[in-house]
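Structure first, then comments.
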Amino acid sequence: MAEPTQTNTTPQTMPTTHATRSQAIVELGLEQYIMQLEVDGLCVVPPEVHGVPLSAFDDMVEFLLAKSEELVGCEFSLDLGPHAEVSFGTSQRRSGLAEDQSKITQFLIQQLCSEHRMFRDLAINPVAVALMRHMIGAKATRFSSNNSFVKWQGDFGYGPSLGLHADQTAVPLPWGRTALTANTNWCLTDYTFEGGAFAYVPGSHRYASRPQFPMAVQRAVPVEAPKGSVIVFHGATWHGAFPRKIPGMRISIANYYRHLMVTSQEEYRNSFDRRLAEDCDDPELFKTLGGFADEFPYAQPSQPIPRVVP
Ligand SMILES: O=C(O)CCC(=O)C(=O)O
Ligand SMILES: [Fe+2]
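Under the working numbering, the first residue of the sequence shown is numbered 3, with each subsequent residue one higher.
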């Protein structure tokens, strides 16, 4: 592996395996964020560091409100949420959400990278990708899914558990320190406690286990952050969300990444339109993270077979 170029700026406490991944971290000035990820399992990166202009978030909100209207069938606005009563009208179980469908005040808009270039550019934002690669591994990081969480007022939210979970839950224990998945939640609206902020347990990634209750709820704190911030967290970090108790909407984009040995939530390799992959800020990076040229899984024999020499 390559030697770090600026060893003198690498904190003494960083393990060698991570120090070898730090060139992008150093170049982008992200040392304080990787220290926070190390300690808390989460950090919040502001717009002046990730470089996405606030106007881009306005465009995303506009797009997602229009998409919500198209999907749900009524107008949505940031001040009011849906302008009509809405219902899921299905008994399909949705993990982490209320059994009583009438208490659910959120849904996901999925497969965002197929929807618009601005979402593809967000998924390959250099700061987000550097932090993901720091936790998961520079060569092993892939996309897992790109979803918008669309929420409005509702006292229940995820219920008394706050929906606390670790994203890499499906991977068997024991977990090591390398993240098997890691996540970015881009705040498209302000995150406040009353407004349904992200909830997490600081340092919980170091338990390297799924949440333990009721301890997890007792230790959960809100991540309050202004619109335009990106919340970055390790796949072992216990997190969920507080209910939104005030009128209006909370909109986020969860760009979720995985180690290449972990199954993807969204299917990219066989389904993703390659012309769209070419239409973004860095097509090579998008194709790498999409795993388009990965060796596995193969769909036909991939290894050479010896033949009898005539
Ligand atoms: O904001 C939320 O409701 C939770 C987000 C979450 O669990 C995730 O992005 O993995
Ligand atoms: Fe999650």
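The C-beta atom is built at its ideal place from N, Cα and C for all residues, glycine as well.
Residue environment for glutamine 214: exposed (fewer than 16 other C-beta atoms within 10 angstroms of its C-beta). Per the CB criterion, closer than 7 Å to any heavy atom of ligand 2, the qualifying residues run in chain order as His167, Asp169, Asn185, His241. Ranked by Cα distance from proline 128, the first of Ala295, Glu297, Asp281, Leu291 is Leu291. Going by DSSP, lysine 153 is part of the beta strand (DSSP E) stretching over 143–154. The segment 127–145 and the segment 163–178 do not touch, with fewer than 3 CB-CB distances between them shorter than 8 Å. Taking a cut-off of 8 Å on C-beta distances, the segment 241–260 touches the segment 175–193, as three or more cross pairs fall below it. If you compare the alpha carbons of Leu32, Leu278, Arg221, Asp61 with that of serine 163, the shortest gap goes to Arg221. Membership of serine 206 in any beta strand (DSSP E) is not indicated, and neither H nor E is assigned to it by DSSP.
Under DSSP, valine 232 forms a beta bridge with Val47, Trp188. DSSP assignment within the segment 31–87 yields the following whole alpha helix (DSSP H) runs of 4 residues or more, N-terminal first: 33–42, 49–52, 56–74.
A direct Cα-to-Cα measurement between serine 146 and aspartate 81 gives close to 31 Å.
Rounded to the nearest angstrom, the gap between the Cα atoms of proline 249 and glutamine 155 is 5 Å. The alpha-carbon of serine 89 is positioned some 7 Å away from that of glutamine 103. Between leucine 262 and aspartate 296, the gap from beta carbon to beta carbon is short of 8 Å. Where proline 224 is concerned, there is no enclosing alpha helix (DSSP H), although the beta strand (DSSP E) around it starts and stops at 223–225. Judged by DSSP in its simplified three-state form, serine 24 adopts coil rather than helix or strand. Distance from the Cα of valine 232 is smallest, within the candidate group Phe59, Glu40, Asp42, for Phe59. Residues of the same chain with a CB within less than 7 Å of the CB of histidine 207, apart from the 5 flanking positions on each side, are Gly43, His236, Ala238, Thr239 in chain order.
Counting other Cβ atoms within 10 Å of its Cβ, phenylalanine 298 stays below 16 and is therefore classed as exposed.
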